[in-house]
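Student: If you count the sequence shown from 1, position 695 lands on 698 in this note's numbering, and the numbers rise without skipping.
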Amino acid sequence: MKASSGEQGSPPCFLRFPRPVRVASGGEVELQCVVLGEPPPTVVWEKGGQQLVASERLSFPADGAEHGLLLRSALPTDAGVYVCRARNAAGEAYAAAAVTVLEPPAPEPEPPATERPVAPPGAGEGAPVFLTGPRSQWVLRGAEVVLTCQVGSLPEPTLYWEKDGMALDEVWDSSHYTLVPGRTEGGRGVSLTLRILGARLPDSGVYVCHARNPQGHVQAGALLQVHQPPESPPADSEEEPQPVVEPIKCAPKTFWVNEGKHAKFRCYVMGKPEPEIEWHWEGRPLLPDRRRLMYRDRDGGFVLKVLYCQAKDRGLYVCAARNSAGQTLSAVQLHVKEPRLRFSRPLQDVEGREHGIVVLECKVPNSRIPTAWFREDQRLLPCRKYEQIEEGAIRRLIIHRLKADDDGVYLCEMRGRVRSVANVTVKGPILKRLPRKLDVLEGENAVLLVETREPGVEGHWSRDGEDLPATCQSSSGQMHALVLPGVTREDAGEITFSVGNSRTTTLLRVKCVKHSPPGPPVLAEMFKGHKNTVLLTWRPPEPAPETPFIYRLERQEVGSEDWVQCFSIEKAGAVEVPGDCVPNEGDYRFRVCTVSEHGRSPHVVFQGSAHLVPTARLVAGLEDVQVYDGEDAVFSLDLSTIIQGVWFLNGQELKSDEPEGQVEPGALRYRMEQKGLQHRLILLGVKHQDSGALVGFSCPGVQDSAALTIQESPVHILSPQDKLSLNFTTSDRVVLTCELSREDFPANWYKDGEVVTKNEAMLVKVDGRKHRLILPAAEVWDSGEFECRTEGVSAFFSVTVQEPPVHIVEPREHMFVHAITSECVMLACEVDRENAPVRWYKDGQEVEESDTLVVEREGVHHRLVLPTAHPADGGEFQCVAGEERAHFTVTITDVSSWIVYPNSKVYVSAVRLERVVLTCELCRPWAEVRWTKDGEEVVESPARVLQKEETVRRLVLPSVQLEDSGEYLCEINNESASFTVTVTESYKNQDSSDNSPDICVLLKKPKTRRLWARFPPWRRTAGTE
4 MKASSGEQGS
14 PPCFLRFPRP
24 VRVASGGEVE
34 LQCVVLGEPP
44 PTVVWEKGGQ
54 QLVASERLSF
64 PADGAEHGLL
74 LRSALPTDAG
84 VYVCRARNAA
94 GEAYAAAAVT
104 VLEPPAPEPE
114 PPATERPVAP
124 PGAGEGAPVF
134 LTGPRSQWVL
144 RGAEVVLTCQ
154 VGSLPEPTLY
164 WEKDGMALDE
174 VWDSSHYTLV
184 PGRTEGGRGV
194 SLTLRILGAR
204 LPDSGVYVCH
214 ARNPQGHVQA
224 GALLQVHQPP
234 ESPPADSEEE
244 PQPVVEPIKC
254 APKTFWVNEG
264 KHAKFRCYVM
274 GKPEPEIEWH
284 WEGRPLLPDR
294 RRLMYRDRDG
304 GFVLKVLYCQ
314 AKDRGLYVCA
324 ARNSAGQTLS
334 AVQLHVKEPR
344 LRFSRPLQDV
354 EGREHGIVVL
364 ECKVPNSRIP
374 TAWFREDQRL
384 LPCRKYEQIE
394 EGAIRRLIIH
404 RLKADDDGVY
414 LCEMRGRVRS
424 VANVTVKGPI
434 LKRLPRKLDV
444 LEGENAVLLV
454 ETREPGVEGH
464 WSRDGEDLPA
474 TCQSSSGQMH
484 ALVLPGVTRE
494 DAGEITFSVG
504 NSRTTTLLRV
514 KCVKHSPPGP
524 PVLAEMFKGH
534 KNTVLLTWRP
544 PEPAPETPFI
554 YRLERQEVGS
564 EDWVQCFSIE
574 KAGAVEVPGD
584 CVPNEGDYRF
594 RVCTVSEHGR
604 SPHVVFQGSA
614 HLVPTARLVA
624 GLEDVQVYDG
634 EDAVFSLDLS
644 TIIQGVWFLN
654 GQELKSDEPE
664 GQVEPGALRY
674 RMEQKGLQHR
684 LILLGVKHQD
694 SGALVGFSCP
704 GVQDSAALTI
714 QESPVHILSP
724 QDKLSLNFTT
734 SDRVVLTCEL
744 SREDFPANWY
754 KDGEVVTKNE
764 AMLVKVDGRK
774 HRLILPAAEV
784 WDSGEFECRT
794 EGVSAFFSVT
804 VQEPPVHIVE
814 PREHMFVHAI
824 TSECVMLACE
834 VDRENAPVRW
844 YKDGQEVEES
854 DTLVVEREGV
864 HHRLVLPTAH
874 PADGGEFQCV
884 AGEERAHFTV
894 TITDVSSWIV
904 YPNSKVYVSA
914 VRLERVVLTC
924 ELCRPWAEVR
934 WTKDGEEVVE
944 SPARVLQKEE
954 TVRRLVLPSV
964 QLEDSGEYLC
974 EINNESASFT
984 VTVTESYKNQ
994 DSSDNSPDIC
1004 VLLKKPKTRR
1014 LWARFPPWRR
1024 TAGTE
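1. Please state if the CB of VAL919 and the CB of VAL863 are separated by a distance shorter than 8 Å.
2. Considering only DSSP beta bridges, list what GLY411 is partnered with.
3. Does the beta-carbon of GLY699 have 16 or more other beta-carbons within 10 angstroms, so that it is buried, or is it exposed?
4. Within the same chain, show all residues whose beta-carbon is closer than 6 Å to that of VAL809, passing over the 5 residues directly before and after it, in chain order.
5. Could you pull the start and end residues of the alpha helix (DSSP H) that GLU173 belongs to?
6. Just list the residues that DSSP pairs PHE731 with in beta bridges.
7. I need the DSSP call for SER989, collapsed to helix, strand or coil.
8. If you drop the 5 nearest sequence neighbours on each side, which residues of the same chain put their C-beta closer than 6 Å to that of VAL47?
9. Kindly indicate the opening and closing residues of the beta strand (DSSP E) around HIS890.
10. So within the segment 260-339, which uninterrupted beta strand (DSSP E) runs reach at least 3 residues, ignoring any that extend past its ends?
11. Given PHE346, which residues of its chain have a CB within under 7 Å of its CB, disregarding the five upstream and five downstream residues?
12. Given that a residue counts as buried once 16 or more other Cβ atoms are within 10 Å of its Cβ, and exposed if not, what is PRO373?
13. Taking DSSP as the reference, what is the three-state secondary structure of CYS36?
14. Taking a contact to mean a Cβ-Cβ separation below 8 Å, would you say PRO543 touches ALA577 in this structure?
15. Any C-beta of chain C sitting closer than 8 Å to the C-beta of ALA946?
16. Within 10 angstroms of its Cβ, does ARG119 collect 16 or more other Cβ (buried), or is it exposed?
17. What is the residue span of the beta strand (DSSP E) that PHE377 lies within?
18. Taking only three categories from DSSP, how would you classify THR760?
19. Are the segment 712-729 and the segment 743-753 touching, with three or more C-beta to C-beta distances below 8 Å?
20. So what does TRP784 bridge to, in DSSP terms?
21. Please classify CYS475: does DSSP put it in a helix, a strand, or coil?
22. Based on the DSSP secondary-structure assignment, which residues constitute the bridge partners of ALA96?
23. Give the straight-line distance between the Cα atoms of PHE63 and VAL580, rounded to the nearest whole angstrom.
24. Anyone know if the C-beta pair for ASN401 and ILE360 falls short of 8 Å?
25. Between the C-alpha atoms of LEU150 and SER177, what's the straight-line distance to the nearest angstrom?
26. Does DSSP put ARG506 in a helix, a strand or coil?
27. Compare the beta carbon distance of VAL490 and ALA225 with 8 Å and say whether it is the shorter of the two.
28. Assuming ALA619 contacts CYS702 under a Cβ cut-off of 8 Å, what Cβ separation, rounded to an integer in Å, is found between them?
29. What does ASP707 pair with, by DSSP beta-bridge criteria?
30. So what does DSSP say about THR103, is it helix, strand or coil?
31. Excluding the five sequence neighbours on either side, which residues of its own chain have a C-beta within less than 8 Å of the C-beta of PRO586, listed in chain order?
32. Roughly how many whole angstroms lie between the Cα atoms of ASP494 and LEU511?
33. Considering only residues of the same chain and omitting the five flanking positions on each side of GLU813, which have a CB-CB separation below 6 Å?
34. Could you check which residue in LEU539, ALA425, GLY12 has the C-alpha nearest to that of ASN354?
35. I'd like to know whether the C-beta atoms of VAL209 and ASN448 end up nearer to each other than 8 Å.
36. Report the rounded CA-to-CA distance for GLN692 versus ASP627, giving the unit in angstroms.
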């Protein structure tokens, strides 16, 4: 940004910057920006350092502070960086955006004739197969890089390399790299080695080796990261450090951001060789971290994104670019606007170990202020994983069972989006985790990178639980890379990297679908026709495309490099091109291509050229205009070529040097516009006295005129004067009333621009001057924009119909569910009406349906099913319906033993005729047991009663006899609980002389408290009641 000092005015300032655009060849490109300044700045558009001028395809619409660039029929040569430059007496500012025009891939060149490999015995022809793929590498700048791939197949495949989806010769000069073809040992395959001589920082990227033969095509990729060598410390420690970048020679741009918001800086740099980029903050180099992201977007721009800006982030940010030809700088001063309401004590960064806990704590100004917790952009709900505590003005978040993916940025937010930000660092085997999600266009390369704390550890990559092939995995020291070249929809899923018990996961989402473009037209011929015309003929492509297509005809003036679209037609055959289709007299060449929704074919050039001279003719002339008093009157005409013309009003020529003006002070105001072939004159706010005005247009070869007629509106609206916004719930009765100034005057009702059809759901009634539209029982789909329209006037209503709030019927209490491994677990939630939106959450995160987690809906009943539960599936579940929640705590136990109690042999001593109860407790209530005595199964009888209650199984001997003594077993599967019962005629007291029997009560569960009464010690192991 350039700026100059002055006592008056303000330099230009961009309020909205143009956005990067990606279009298919033949599409329309539109760039828009908003720039202010005093005096209003002059805006021009540039490309490649040259100012752009309006043409048949290019125009620059402007409306006040809004300025745009509109490019029709985009060509591959139109791709590049477009700069909007605004200048006034107080200074200058500029903004840039990259335009990418997608060109269908050219046919692969025929491979050179080489000696065919000898096929191994029994082998036939097939698609290429990678014997070894390229390996990802991390090197220092200046190092030599060698990437090799080996492929085997018959017929012999053609091998070639790409960097970031581009051919190598499009990225580098031939002196920067070499390609060395070769053969594998034994001659069963071919290889192609890419050698990069002296790696540079811009060489970082994804390198893909392609192998193609008539039987198929395969590809394998690797990641190359080039790092800056560490700088050596100065020999003299007292020597002052040199500045990292040169001083900024002009005032930097200023950027304001509210605290807690993101700041995004984009820098477009061009140069050859490709420049190296470094970001600096306050003169110090910046490295990427949790809140500072550095990347290159799809349009070639270098981006620095500062997340959740804080006061300490303010300062001067510099993008420094350099190559062997020189260097350049771009700077911006970041200011962080602090909110009026602030945290009394903000969050502090914390660290925790994996499987442990961390506590985040802050203090709000007032204990009544509500707060919410977020992990980056995801809101956290209270649960066992994320415990949220409020103690007066203290707000505390406790994160339990830390995992590698819990590492990140956490926020506590008050009203007004006032935020306090802190980093949570999880220490474990994984040092740098995967991103939460990764969005990739179909056909692009997906790269995932993990850094471990210890070098040389063996990591494991999987997708949706299935191992990924080794050809797409690479490791070097602490770095582990997964490269998926040319992703398809089948590659989407949950990608996991695990080291031991530590793991990190990302969701890979693949978007868009690429299709093959149609074939080119055939037999294209040119014939010189009558004077100033040329006849072009061609035939449809073979085979014909399966989807609808058109032909696009383009012209090129001899001596120029640009091709410009003439027109598009749907049928092949013959087309005559007249001279009025060209802007200047000269010799022209022509070409044609086929275009469908899947892209366009290669161009077919007509042999020869034709001399054409431009002439103007009227395509659509002026028409008389009738408007109501106070409206704008628009006169327009279309010419056959782009040419300047003159407008007249009542015979007086309108000034053409200004787009807006007045015929004379206090008289009619007007605005003139020209967009391509169309010329427009807009008379602003015409009055009744302007009726009968004559409008004329004149240019070489064309003269036309039309008249203006002003109509008085026979009626006007009494109410409503302004647009009404109304809110209702379903089944409400909605009445929209429009009152006119005249009784029984006709009016029509419209909904979303279409005439309302009278039916039972929409009634139209007229009562004198009042017109009503009645909806007896409104539904959600009745929401929309309604209009009561009569002669030249309208009343507007914005109606919103929402569903009534939903309530949870069951369960009303916190539910606790216990299950064992492989059991089916079903959580049920009932709401008070059908079709109510219901969402399920686990541990504070919304669940996504999969094979292991199924969401069912049946009327008012909603179920979350775990078909085969595992211990990892346990947790805190919530069913959220509107503002209400149902809570479930699910615990899944990995059963190693069916019998919970007793866990050792039990000895029972009893006296004849006593009641003896043998108790066995199981882990599941539905399990069945088998009781045996001395190896024989116990048969239930009055003397031996079998009882079953929940998880407890009992064998009751109501009145034991001497013959009941023996070994009893409670058996289930391969487990058993053992009881030894000894029955005697009478007590034999070993401790007291009175032989008085004591009473003993033993509780059955081992973890409960035992209650002892007076009983001899030798009897205290008994199980009698």
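Where is the CB? At the ideal position from N, CA and C, for every residue including glycine.
Tutor: Let's see:
1. no
2. VAL427
3. buried
4. VAL834, ALA839, ALA884, GLY885
5. 171-174
6. VAL804
7. coil
8. GLN54, ARG88
9. 887-896
10. 266-270, 279-284, 295-299, 305-309, 318-326
11. CYS365, LYS366, VAL367, SER423
12. exposed
13. strand
14. no
15. Here there is only one protein chain, and chain C is not present.
16. Only weak support exists for where ARG119 lies, its pLDDT of 43 falling under 50; the value from the coordinates is given anyway. Answer is exposed; the Cβ neighbour count stays below 16.
17. 375-378
18. coil
19. yes
20. TRP784 is not bridged to any residue.
21. helix
22. ALA89
23. 27 Å
24. The displayed chain sequence assigns Ile, not Asn, to residue 401. Cβ atoms of ILE401 and ILE360: closer than 8 Å.
25. 17 Å
26. strand
27. no
28. 6 Å
29. PHE700
30. strand
31. SER58, GLU59, PRO617, THR644, ILE645
32. 8 Å
33. GLU833
34. Rather than Asn, the amino acid found at residue 354 in this sequence is Glu. Closest option to GLU354, Cα to Cα, is ALA425.
35. yes
36. 17 Å
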